[in-house]
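Notes follow once the structure below has been shown.
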Amino acid sequence: MQPATTPNISAELRRRVETARRVLVLTGAGVSAESGVPTFRGGGNSAVWKGLPFDVISSGAMLERNLPAVWEWFDYRRDVLRALAPNAAHEAIASWQERFADLTLVTQNVDGLHQRAGSRNVVELHGNIWRARCTVCRLVHEVPSEGERPEACDECGNELRPDVVLFGEMLPPGAFEFALERAARCEMCFVIGTSGLVYPAASLPEVAQSSGAFVCEINPERTALSSMCDEVVVGKAGEVLPGI
Ligand code: BV8
Ligand code: ZN
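Okay, so the sequence shown: first residue is 6 according to our numbering, each after it adds one.
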């Protein structure tokens with residue numbers, strides 16, 4: 006299905022897409038925007054929760070101070086997500102698994118929509134809202150999309166927490182190192198739907214470019230990364246990606 010407007014992509018980008026083998030895709034909240042998932046910094050009602058800014062309620066410090074409040078915030082977000090589905094952006098990226106010989110998908114998102122669209126081996130830098138982790142033995146539990154979430158650890162009975170990386174917390178062991186190694190080896194890097202403000206995720210496109218990759222950003226607005234990209238395609242991911 007041809008997108009409504011064929012995106013304004015350059016001949017250079019088309020040529021590179023035709024020949025690329027090792028491709029890294031970094032996504033942020035913008036790829037889920039057309040599914041109805043509020044972004045973090047695009048205003049809207051998600052940026053603040055009961056008067057607490059997003060980076061306060063979603064922080065390691067808040068979890069230490071008030072785990073029930075953090076659960077309430079994540080329970081709310083899972084309720085919003087429950088009724089939503091992947092959009093054309095997630096589907097296009099999932100189809101790239103057959104298109105490029107060696108595709109690595111790295112996401113900052115915790116919504117699991119890439120996997121629901123069929124993407125495999127997704128590198129989740131910030132964890133996943135559909136998992137809970139024991140605060141003591143770190144055992145991971147699935148959080149069902151229907152019904153109650155598990156209240157205590159199956160193994161040791163201690164409290165669970167969302168299996169999500171909060172501000173001020175370390176990333177999952179190995180995830181960033183793996184993404185870094187793929188960024189250093191890729192020929193093309195797509196940066197899709199991220200404001201490029203959160204580190205260390207936002208450093209991946211810079212690593213790709215300094216290793217010789219062609220970096221292409223897809224976003225309706227300019228971001229902190231736009232100036233260093235080789236090409237910026239201005240538009241919504243759900244409209245631009247099917248046309249690439
Ligand atoms: C770390 C999970 C040490 C939680 C998230 C001071 C105090 C404490 C920490 C710091 C500090 N200063 C700096 C830091 C480090 C901090 C950081 O970077 N802060 C920033 C804000 C300054 N980072 C950390 O704390 C990280 N840990 O550093 O530990 C360390 C150091 C080195 C190595 C290892 C460890 C942990 C960061 C993870 C925090 N957790 N999420 C939750 O979800 O509740 S981050 C959160 O922001 C989300 O994961 C989100 O994905 C991420 C980034 O946001 P974006 O995805 O970019 O979304 P955003 O809304 O910003 O932008 C949306 C974009 O989409 C826009 O550009 C918009 O134009 C575009 N868009 C809109 N519609 C569309 C679209 N694009 C395409 N199509 C559309 N239709
Ligand atoms: Zn446990």
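Glycine included, every Cβ here is placed at the ideal spot set by N, Cα and C.
Quick caveat: nothing in here was measured; it's all calculated off a predicted structure.
Same chain only: Cβ atoms within 6 Å of residue i, ignoring 5 sequence neighbours per side
| i | result |
| --- | --- |
| Val85 | none |
| Glu160 | Cys142 and Leu144 |
| Pro8 | Interpretation of Pro8 is limited by its pLDDT of 47, a score under 50 that renders its predicted location unreliable; the figure taken from the coordinates is listed afterwards. For Pro8, where only same-chain residues beyond five positions count, the Cβ hits under 6 Å are Glu244, Pro247 and Gly248. |
| Gly33 | Gln113, Gly198 and Thr199 |
| Val238 | Pro12, Ile14, Ile223 and Val245 |
| Gly123 | Ala99 |
| Ala206 | Gln113 and Leu130 |
For residue i, three-class secondary structure by DSSP
| i | result |
| --- | --- |
| Pro8 | Any answer about Pro8 is weak, because its pLDDT of 47 lies below 50 and its placement is not dependable; what the coordinates show is given next. Coil, per DSSP. |
| Arg125 | coil |
| His146 | strand |
| Pro43 | coil |
| Phe79 | helix |
| Pro225 | coil |
| Ala137 | strand |
8 Å CB neighbourhood of residue i in its chain, flanking five on each side removed
| i | result |
| --- | --- |
| Ala251 | Residue 251 is absent from the model: the chain starts at 6 and stops at 249. |
| Arg190 | Arg27 and Ser216 |
| Ile62 | Trp54, Lys55, Ala74, Val75 and Trp78 |
Residue i versus residue j: straight-line alpha-carbon distance, rounded
| i | j | result |
| --- | --- | --- |
| Ile223 | Trp54 | 28 Å |
| Met6 | Ala157 | Here the model assigns Met6 a pLDDT of 49, short of 50, so the residue's position is not dependable, and the following value carries that caveat. Distance between the alpha carbons of Met6 and Ala157: 47 Å. |
| Pro177 | Leu110 | 16 Å |
| Gly198 | Thr44 | 9 Å |
| Asp80 | Arg87 | 10 Å |
| Ser15 | Glu186 | 28 Å |
Rounded Cβ spacing between residue i and residue j (contact assumed at less than 8 Å)
| i | j | result |
| --- | --- | --- |
| Gly173 | Ala66 | 6 Å |
| Asn92 | Glu39 | 4 Å |
| Glu103 | Thr140 | Contact flag wrong, Cβ pair sits at about 40 Å. |
| Val148 | Arg83 | 7 Å |
Whether residue i touches residue j by CB criterion (8 Å)
| i | j | result |
| --- | --- | --- |
| Arg125 | Ala137 | no |
| Ala242 | Ala213 | no |
| Leu130 | Phe181 | yes |
| Ala218 | Met193 | yes |
| Leu18 | Val196 | no |
Proximity test, Cβ basis, 8 Å: residue i and chain D
| i | result |
| --- | --- |
| Thr24 | Of the chains in the structure shown, none is chain D; there is only one protein chain. |
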